[in-house]
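Just so you know, the protein sequences line up as chains A and B, in that order.
Under numbering that gives the first Met the number 0, think of the first position of the first sequence as 0, with each following residue one higher.
Under numbering that gives the first Met the number 0, think of the first position of the second sequence as 0, with each following residue one higher.
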Amino acid sequence: MLFNSLEFLLFFVIVTGIFFILPHKFRWFHLLIASCYFYMAFVPVYIFILAGTIVVDYFAGIFIENAPPSKKRLFLLISLIANIGVLAVFKYYNFFIENINLASTSFQLPYLKMLLPIGLSFHTFQAMSYTIEVYRGNQKAERHFGIYALYVMFYPQLVAGPIERPQHILHQFYKKQVFSQDDFFVGFKMMLWGMFKKVVIADRLAIYVNQLYDKPHEFNGLMHFIGAVFFAVQIYCDFSGYSSIAIGAARTMGFKLMTNFKTPYQSVTVSEFWTRWHISLSSWFKDYLFYPIAVAKRNWGIWAVVFATLITFLISGLWHGAGWNFIFWGFLTGLFIIIETLLKIKSVKIRKSPLKKVAGILYVFLVFAFTEIFFRARSIKEGFFVVKRIFTGAWTMPESTAIFSNFSLVLSVALIVFLFYAEAVFADKIIESKLDERKNANLVFGISILSMIILLGVFQKLSFIYFQF
Amino acid sequence: MKLIKYIATIFFASLLLSIAATWLTNKGLRKSGVDFYGKINAAGKAGNSTNLLLVGSSRVLKQVNPEIIDSVTGYNSFNYGLNSGTIKTWYNIIDYSLRLNKNVKLILLNVDYYMFDITGDPYKDAYYYPFEKQVPGLILNSSGTINLVHQLKVFDIALYDDYAKYAAIDGWLRPNRILDGVYKGYYPNRQLNNFETIANFKSGNDKISVTQTGLKLLDSCISLCKKNNIKLVLVMAPYFKQYSPAKYFTNFNAVIDSVKELADKSSIPFYDYTTLSIADDQQYFYNVNHLNSRGAAVYTQAIADTIKKYFSGL
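See the structure below:
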């Protein structure tokens, strides 16, 4: 079930309505059933994979807590192997086999013919964070199976995050949520803003980007440059739009999910960008991969950071997709951060000069747009083709592009400018304001955003990019 | 209470805006003179004296020049070619034209290998047929939410894509505008041939999608013409021979043969221009599937000669 569908609108109204009607003791059950229904709306049978990992991690958590120190690690390993094993089979098996088959001339191994379970990497990482935190002693093992299942399956963040931590969300399921007009008001505006980013901007830009990458050979340098810029904005609006809707939907019921994006395009260094983009994943990697590696290799000095950065981003690339282009994308991103680390480039210093700040913002955007070419392309080769075409191809606008009218182009640029201006100046202030605050601004915001969704939205039910991960 | 008041206010205000925008868009589309809507408007124009309809995809839109046809044959033709259209769109164009224009004598329909893949037809009913009420027999393929919203009418604006919105604005600002260089619906491809595109065209084992509904629609076109006592002629424009889709799609010949079979069965003439002398000369092509304006002139001349020879004085 997509957030940008009428089915979801109906689902949301019913689930939220019943949530507040029910006595507190039944609410977890209601949310769990609703989450199962939400997940099964994609491919029903995959619920069994999810159920399997939930059972393993639930018991692993209890065993880790109860086990003597020498055995704790064993139960953690069992949990991690189960989770990573599921990822390995359903997400990476075919990639692995493809590479073996390419290298082999004497035999060909069979492929697994099935779709990737939706949001697999998200809920697997969320489940792993639970057992790791229990192992570290930062979280008590959850004894209520239903509440633990809800921790993994809570529908707003089930298929594309934010990837929550047990310390942040588990206790909220026990708290009696009383209907708050202010929470609902803020959540509603978040959902509206997320929907605007998804259907008005991301899906409009997707029309251009998808056709460009379907036949990259047919387009010149300028069109590929526009495509790279558009995709950088598209993926931001698509993913941050999803996060806004998810956080907003949870907020209407009183739950507070973690922030996933903090205006990343206002970053002045690539390192800073990754502290403001997909924060729940970046911080997951930082806590569970980067720091352990950096600490383990601390004798290496600065090279420990370089090594940890490189490993983290290579794995981050692999997390995003089972393809060499994703690994290369991770490598490129890591490389830019390593260069900044070695040159000791700090955001704080850059922000002191307005000129440097503008240059920094532009630099970060272009670097991100450049690296995302490999993220969007179907292979590294195709990614290099696009880069080459941008630098060596013609920079003329075709008299009429078959894929995008000039009207759409102008409209898209105007909407992007509006988005960045709104996010820099007023969006957060208005969205976070309560019912009695900024009354006129809230009214104008609500009417204009809802009207723009209706008048300028692209209602083709395009899926969210991050669903595939 | 404050919350309900807020949500009700913004929904009500947006609904009013939506109704106004839908009304303005539908009115604007009826004034449009360009692209799809321009053609629909031209077809439904009162006193339309067009008696030869040129129907097909971009391989008609960019390749058949009514100026040449008219001067050679004496007919009054109009190019109803539409980018990426399939038999579904063509059927609708023919149906709509015949309902509103009683002067039509001859219809030239270009055969494309992908014409039966109606699921790939870009002209969605809700976006592209604001005149449905006038054409009750129109073949519709929208479904589910889109159809539901379309029935409500007041939210039609949410269904229109950017092309429709632009056409509506253009209709208001420049009613019945005709683009520079466009003659009776013919949009020549003035750009030079795209050699790189041709070089990257590789042969393969893909299959063309053919739907049963698509095949039935061709049959319906034939029946429609017979019923209205109109001569239907099928033609097939040249492809660049070296990279012909026949090399790319394994069932290309089978698809074309099925069209020929249907044409034979219904005594509909079929003229295959894929062997025209210009088919292996790159200078006449924009890309593998499309002639440039130079090639279009040669191809149109060949069609016009055929019409003059076999179908004059209908």
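We treat Cβ as the ideally placed atom computed from N, Cα and C, and that holds for glycine.
None of these values were measured; they are calculated from a predicted model.
Residues near residue i by beta carbon distance below 7 angstroms, same chain, minus five either side
| i | result |
| --- | --- |
| Leu28 of chain B | Tyr36, Pro129, Ala163, Ala166, Ala167 and Gly170 |
| Pro294 of chain B | Position check: residue 294 of chain B holds Gly in this sequence, whereas Pro was assumed. Cβ neighbours of Gly294 of chain B beyond the five flanking positions: Ile277, Tyr283 and Phe284. |
| Ala66 of chain A | Phe74 |
| Lys272 of chain B | Reading off the sequence, residue 272 of chain B comes out as Tyr, not Lys. Closer than 7 angstroms at the Cβ level, and outside the excluded window around Tyr272 of chain B, lie Val234, Met235, Ala236, Pro237, Tyr298 and Ala301. |
| Met39 of chain A | Ile46 |
| Thr212 of chain B | Ile117 |
| Val199 of chain A | Leu414, Met451, Ile452, Leu455 and Gly456 |
| Met0 of chain B | none |
| Asn75 of chain B | Ser48, Thr49, Asn50, Leu51 and Asp69 |
Per-residue contacts from residue i into chain B (C-beta, under 8 angstroms)
| i | result |
| --- | --- |
| Leu442 of chain A | Tyr5, Thr8 and Ile9 |
| Ser243 of chain A | Correct list: empty, because the minimum Cβ distance to chain B is about 17 angstroms. |
| Ser450 of chain A | Ala12, Ser13, Leu16 and Ser17 |
Beta-carbon contacts of residue i that lie in its chain and below 8 angstroms, excluding the five residues immediately before and after
| i | result |
| --- | --- |
| Phe144 of chain A | Tyr57 |
| Leu8 of chain A | none |
| Val85 of chain A | Ile48, Gly51, Thr52, Leu119 and Thr123 |
| Pro161 of chain A | Ser242, Ala245, Ile246, Leu256, Met257, Thr258, Asn259, Ile278 and Ser279 |
| Gln220 of chain A | A small correction: the amino acid at residue 220 of chain A is Gly; Gln does not occupy that position in the sequence shown. Here the set comprises Arg388, Ile389, Phe390, Thr391, Gly392, Ala393 and Trp394. |
| Val305 of chain A | Ile337, Thr340 and Leu341 |
| Ser17 of chain B | Val153, Phe154, Ile156 and Ala157 |
| Asn66 of chain B | As written in the sequence, residue 66 of chain B is Glu, which differs from the Asn given in the question. Cβ within range, chain order: Tyr182, Lys183 and Tyr185. |
Residues that residue i contacts on chain A, provided the C-beta gap is smaller than 7 angstroms
| i | result |
| --- | --- |
| Tyr316 of chain B | This structure cannot speak to residue 316 of chain B, because chain B is shown only from 0 to 313. |
| Ile277 of chain B | Under the 7 angstroms cutoff, chain A gives no residues; its nearest Cβ is about 22 angstroms from Ile277 of chain B. |
| Ala157 of chain B | Ile453, Gly456 and Phe458 |
| Lys1 of chain B | Gln180 and Leu434 |
Closer than 9 angstroms at the beta carbon, the chain A residues around residue i
| i | result |
| --- | --- |
| Ala295 of chain B | Going along chain A, no residue has its Cβ under 9 angstroms from Ala295 of chain B, so there is no contact; the nearest lies around 16 angstroms. |
| Tyr165 of chain B | Ser404, Asn405, Phe406, Ser407 and Leu410 |
Partners in chain B for residue i, counting only beta-carbon separations shorter than 7 angstroms
| i | result |
| --- | --- |
| Ile446 of chain A | Ile9, Ala12 and Ser13 |
| Ser120 of chain A | Result: empty, since nearest Cβ-Cβ is about 29 angstroms, beyond 7 angstroms. |
Cβ shell of residue i (< 6 angstroms), same chain only, five flanking positions each side left out
| i | result |
| --- | --- |
| Ala61 of chain A | Reading off the sequence shown, one finds Ile at residue 61 of chain A, where the question assumed Ala. Answer for Ile61 of chain A: Ala140, listed in chain order. |
| Pro135 of chain B | Confidence at Pro135 of chain B is low in this model, with a pLDDT of 49, below 50, so its placement is unreliable and the value that follows should be read with caution. So no residue of the chain qualifies. |
| Gln133 of chain B | Model confidence at Gln133 of chain B stands at a pLDDT of 49, short of 50, so the residue's coordinates are unreliable and nothing is read from them. |
| Ala296 of chain B | none |
| Ala307 of chain A | Phe289, Ile292 and Ala293 |
| Ile415 of chain A | Val232 |
| Met114 of chain B | Thr85 and Ile86 |
| Leu111 of chain A | Tyr92 and Asn93 |
| Glu89 of chain B | Checking the displayed sequence, the identity of residue 89 of chain B turns out to be Trp instead of Glu. Contacts found: Val54. |
Contacts of residue i in chain B (Cβ-Cβ under 9 angstroms)
| i | result |
| --- | --- |
| Ser378 of chain A | Under the 9 angstroms cutoff, chain B gives no residues; its nearest Cβ is about 15 angstroms from Ser378 of chain A. |
8 angstroms Cβ cut-off: residues of chain A touching residue i
| i | result |
| --- | --- |
| Phe154 of chain B | Ile453 |
Cβ of residue i within 8 angstroms of any chain D Cβ
| i | result |
| --- | --- |
| Leu21 of chain A | Checking the listed chains, one finds no chain D in this structure; the protein chains it contains are A and B. |
Near-chain B residues of the region 173–200 of chain A - C-beta to any C-beta below 8 angstroms = Contact annotation: in the region 173–200 of chain A, residues whose CB is within less than 8 angstroms of a CB in chain B are Gln180, Phe183, Phe184 and Phe187.
Between the region 369–389 of chain A and the region 184–196 of chain A, do at least 3 Cβ pairs fall closer than 8 angstroms?
-> Touching, no.
What runs of the beta strand (DSSP E), each 3 residues or longer, lie entirely inside the region 61–97 of chain B?
-> The region 61–97 of chain B contains these whole beta strand (DSSP E) runs: 76–78.
Indicate whether the contact test is met: 3 or more Cβ pairs, each with one atom in the region 44–59 of chain B and one in the region 96–104 of chain B, closer than 8 angstroms.
-> Contact holds: three or more Cβ-Cβ distances are below 8 angstroms.
If we count Cβ pairs, one from each stretch, closer than 8 angstroms, do we get three or more for the region 237–254 of chain A versus the region 218–228 of chain A?
-> Counting C-beta pairs with one atom in each stretch, the region 237–254 of chain A and the region 218–228 of chain A have fewer than three that are closer than 8 angstroms, which means they do not touch.
Listed from N- to C-terminal order along the chain, which residues in the region 17–43 of chain B have their beta-carbon within a distance smaller than 7 angstroms of any beta-carbon of chain A?
-> Per Cβ criterion, the list reads Ser17 and Ala20.
Near-chain B residues of the region 404–434 of chain A (beta-carbon distance less than 8 angstroms), N- to C-terminal order | Listed in chain order, the positions of the region 404–434 of chain A with a beta carbon within less than 8 angstroms of a beta carbon of chain B are Ser404, Phe406, Ser407, Leu410 and Leu434.
Between the region 128–160 of chain A and chain B, which residues of the former have CB atoms less than 8 angstroms from a CB of the latter, in chain order?
-> For the region 128–160 of chain A, which is checked against every Cβ of chain B, not one residue is closer than 8 angstroms.
Contained beta strand (DSSP E) runs [length at least 3] in the region 264–310 of chain B, N- to C-terminal order | If we require 3 residues or more, the beta strand (DSSP E) runs fully inside the region 264–310 of chain B come out as 269–271 and 284–286.
Spell out a yes or no on whether the region 203–213 of chain A and the region 153–163 of chain A are touching, meaning 3 or more CB-CB pairs, one atom from each, closer than 8 angstroms.
-> With the rule of 3 Cβ pairs closer than 8 angstroms, the region 203–213 of chain A does not count as touching the region 153–163 of chain A.
Segment contact, 8 angstroms Cβ cut-off, at least three pairs: the region 303–323 of chain A with the region 347–357 of chain A | For the pair of segments examined, the region 303–323 of chain A was found not to touch the region 347–357 of chain A: the number of CB pairs separated by less than 8 angstroms stays below three.
Give the residues from the region 58–83 of chain A that approach chain B closer than 9 angstroms (Cβ to any Cβ), ordered along the chain.
-> Residues: none.
Between the region 88–105 of chain A and the region 132–139 of chain A, do three or more beta carbon pairs fall short of 8 angstroms?
-> Not touching, per the Cβ criterion.
At a cut of 8 angstroms, does the region 159–173 of chain A reach the region 209–219 of chain A through at least three beta carbon pairs?
-> Too few Cβ pairs lie closer than 8 angstroms, so no.
Are three or more beta carbon pairs between the region 100–116 of chain A and the region 19–34 of chain A nearer than 8 angstroms?
-> Flag = no, the region 100–116 of chain A and the region 19–34 of chain A do not touch.
4 or more residues per run - each alpha helix (DSSP H) lying fully within the region 225–311 of chain A | If we require 4 residues or more, the alpha helix (DSSP H) runs fully inside the region 225–311 of chain A come out as 269–275, 278–284 and 290–295.
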